[in-house]
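Student: Dropping a structure here in structure tokens format, bear with me for questions.
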Amino acid sequence: MRLANMLKEEYVVEDLQATSKETAIDALLALLEKDKPGINIQKIKELILEREEVENTSYGRGFAFPHARTNEVDDMYVLLGVSHRGLDDKTPDGIPVTVVVLLLTPSHISKLYLQTLSAFASFARMEGNREKIAEARSRADVVDIIWQSGVMVEKELTVKDIMRRDVATVTPADSLKKVANVMFKNRLSALAVIDDEGNLLGQITDKDLIQAVLPDYKTLISNLNYSMDTEPFEELLKQEDKFKVEQVYTRDHEIAHIDTRIVEVAGMMIFKDLRRVFVTEGTKLIGILLRKDIANMIIRG
3 MRLANMLKEE
13 YVVEDLQATS
23 KETAIDALLA
33 LLEKDKPGIN
43 IQKIKELILE
53 REEVENTSYG
63 RGFAFPHART
73 NEVDDMYVLL
83 GVSHRGLDDK
93 TPDGIPVTVV
103 VLLLTPSHIS
113 KLYLQTLSAF
123 ASFARMEGNR
133 EKIAEARSRA
143 DVVDIIWQSG
153 VMVEKELTVK
163 DIMRRDVATV
173 TPADSLKKVA
183 NVMFKNRLSA
193 LAVIDDEGNL
203 LGQITDKDLI
213 QAVLPDYKTL
223 ISNLNYSMDT
233 EPFEELLKQE
243 DKFKVEQVYT
253 RDHEIAHIDT
263 RIVEVAGMMI
273 FKDLRRVFVT
283 EGTKLIGILL
293 RKDIANMIIR
303 G
């Protein structure tokens, strides 16, 4: 089914008079209230803003996807507003929000909700779509632009719907000091190791860093009175620029492809107790899928 089929013209505001995401949400909810008198708009707004507190739904590229699952509605509603001036809220890439897509759904149709949200994210990633919608001057124009994009609402979630496309990487020639710095800056426990052409070679984890410092850790654990000649962490600090990724990274990793079904990857991650799976196209690294992202998508939406 085409994404455009999920959108009704009466739920589109082609010239959104709002200065913030919250006032844009108010304007879109007003459309719903007009069409569905008696609906508990205040409760729905509270749930939307609660979701915003958990994680900002400003996607980047000029799009925001506020959403909520609530039994205050009995069907899925997609409402879309276009701000020609751009909203004042902060965004991850500094591009002002131009398009606000509000999704509401009851719990029993959560699958279609996730698929629709993913389809809108795909639409947002396509170059030029934000500019096209910003130039629209009627509701019909907005719906037609989405139709012309050809974006489909897929039957099943796949890796491309959830994976992160910006992957923190290092090369075999990088120092462990750089690894530690990148991990700390990005709050990560592992980095992908790639060659100069972007081919995935393996990964280096925080565990690998510690084992590089404590190569004799098994003896240390078996005998807590074991005495070392030198303090291992101090020795690493002295030579942190000399230790290289190639000395400690592993090839013990799992991969998936963009069209692999999420249920398959999730099953593999549970069975093998994996925190992450790298996404490749051929041998090229193109993304990463984290276990916590699957949980967040399924549980929180």
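Numbering-wise, the sequence shown is residues 3 to 303 according to this note's numbering.
In this text, a Cβ means the ideal position worked out from N, Cα and C, and glycines have one as well.
Since we're looking at a predicted model, the values are computed, not measured.
(1) For Ile296, is the classification buried or exposed, using 16 other Cβ atoms within 10 angstroms of its Cβ as the cut-off for buried?
(2) Classify Asp77 as buried or exposed, calling it buried when 16 or more other Cβ atoms lie within 10 Å of its own Cβ.
(3) Determine which residues share a DSSP beta bridge with Tyr79 and list them.
(4) Thinking C-alpha only, which one of Glu12, Leu82, Ser177, Phe65 is nearest Thr93?
(5) Since Met270 sits in a beta bridge, which residues does DSSP pair it with?
(6) Leu211 to Ile264, Cα distance in whole Å?
(7) Just to confirm before moving on: does the CB-CB distance between Leu9 and Phe125 stay below 8 Å?
(8) Which of the three DSSP states is assigned to Tyr251 in this structure?
(9) With 16 other CB atoms within 10 Å as the buried threshold, where does Asn183 fall?
(10) Buried or exposed: Glu12, going by 16 or more other Cβ atoms within 10 Å of its Cβ?
(11) Pairs of beta-carbons, one from the stretch 243-255 and one from the stretch 175-194, closer than 8 Å: are there three or more?
(12) Note the first and the last residue of the continuous alpha helix (DSSP H) segment covering Gln44.
(13) For Glu283, name the three-state secondary structure that DSSP assigns.
(14) Do the stretch 156-165 and the stretch 109-121 meet, that is, are 3 or more Cβ pairs less than 8 Å apart?
(15) Tell me the DSSP secondary structure of Leu292 in three-state form.
(16) Val195 lies in the beta strand (DSSP E); which residues open and close that run?
(17) Between which two residues does the beta strand (DSSP E) carrying Ile206 extend?
(18) Less than 8 Å between the CB atoms is what I'm expecting for Leu82 and Val14, so what's the real figure, rounded?
(19) Below 8 Å, how does it come out for the stretch 16-35 and the stretch 98-108: are there three or more Cβ pairs, yes or no?
(20) Excluding sequence positions up to five away, which residues of its chain have a Cβ less than 6 Å from the Cβ of Asp90?
(21) In chain order, what are the residue ranges of uninterrupted alpha helix (DSSP H) at least 4 long that sit wholly in the stretch 96-147?
(22) Going by DSSP in three states, Thr59 sits in which element: helix, strand or coil?
(23) From Thr207 to Leu49, what distance separates their C-alpha atoms?
(24) Tell me the residue span of the alpha helix (DSSP H) that contains Ala26.
Tutor: If we stick to the structure as given:
(1) The residue given as residue 296 occupies position 294 in the sequence shown. So Ile296 counts as buried.
(2) One-based indexing of the sequence shown puts residue 77 at position 75. Asp77 should be labelled exposed.
(3) The sequence position of residue 79 within the sequence shown is 77, counting from 1. Answer is Leu106, bridged to Tyr79.
(4) In the sequence shown, residue 93 corresponds to position 91, counting from 1. Checked all of Glu12, Leu82, Ser177, Phe65; the closest Cα to Thr93 is Phe65.
(5) As a working note, residue 270 is residue 268 in the sequence shown. None, per the DSSP bridge assignment.
(6) As a first step, residue 211 must be located in the sequence shown, where it is residue number 209. As a first step, residue 264 must be located in the sequence shown, where it is residue number 262. The alpha-carbon atoms of Leu211 and Ile264 are separated by roughly 30 Å.
(7) The sequence position of residue 9 within the sequence shown is 7, counting from 1. The sequence position of residue 125 within the sequence shown is 123, counting from 1. Result no, Cβ atoms of Leu9 and Phe125 do not sit closer than 8 Å.
(8) Sequence index remark: in the sequence shown, residue 251 carries index 249 (1-based). Here Tyr251 sits in coil by DSSP.
(9) If you number the sequence shown from 1, residue 183 lands on position 181. Exposed is the call here.
(10) If you number the sequence shown from 1, residue 12 lands on position 10. The residue is exposed, with fewer than 16 neighbouring Cβ atoms inside 10 Å.
(11) yes
(12) Residue numbering aside, residue 44 sits at position 42 when the sequence shown is read from its first letter. It spans 43-56 - the alpha helix (DSSP H) in which Gln44 sits, taken as one unbroken run.
(13) Sequence index remark: in the sequence shown, residue 283 carries index 281 (1-based). Glu283: strand per DSSP, three-state reduction.
(14) The stretch 156-165 makes contact with the stretch 109-121; the number of CB pairs closer than 8 Å reaches 3 or more.
(15) For the purposes of this step, residue 292 is identified with residue 290 of the sequence shown, where counting begins at 1. Secondary structure of Leu292 (DSSP, three-state): strand.
(16) Counting from one through the sequence shown, the residue named residue 195 turns up at place 193. In this chain, the beta strand (DSSP E) harbouring Val195 covers 192-196.
(17) Start at 1 with the first residue of the sequence shown, and residue 206 comes out as number 204. Where Ile206 is concerned, the enclosing beta strand (DSSP E) stretches over 202-207.
(18) For this step, residue 82 is matched to residue 80 along the sequence shown. For this step, residue 14 is matched to residue 12 along the sequence shown. About 5 Å separates the two Cβ atoms, so the contact holds.
(19) Of all C-beta pairs linking the stretch 16-35 to the stretch 98-108, three or more are shorter than 8 Å, placing the two stretches in contact.
(20) As a position in the sequence shown, residue 90 is number 88, starting the count at 1. For Asp90, where only same-chain residues beyond five positions count, the Cβ hits under 6 Å are Thr21, Ser22.
(21) 112-127, 131-136
(22) Position 57 of the sequence shown, counting from 1, holds the residue named residue 59. Coil.
(23) For this step, residue 207 is matched to residue 205 along the sequence shown. For this step, residue 49 is matched to residue 47 along the sequence shown. Each residue's Cα considered, the two are about 37 Å apart.
(24) What you label residue 26 is simply residue 24 of the sequence shown in a count that begins at 1. That run of the alpha helix (DSSP H) goes 23-37.
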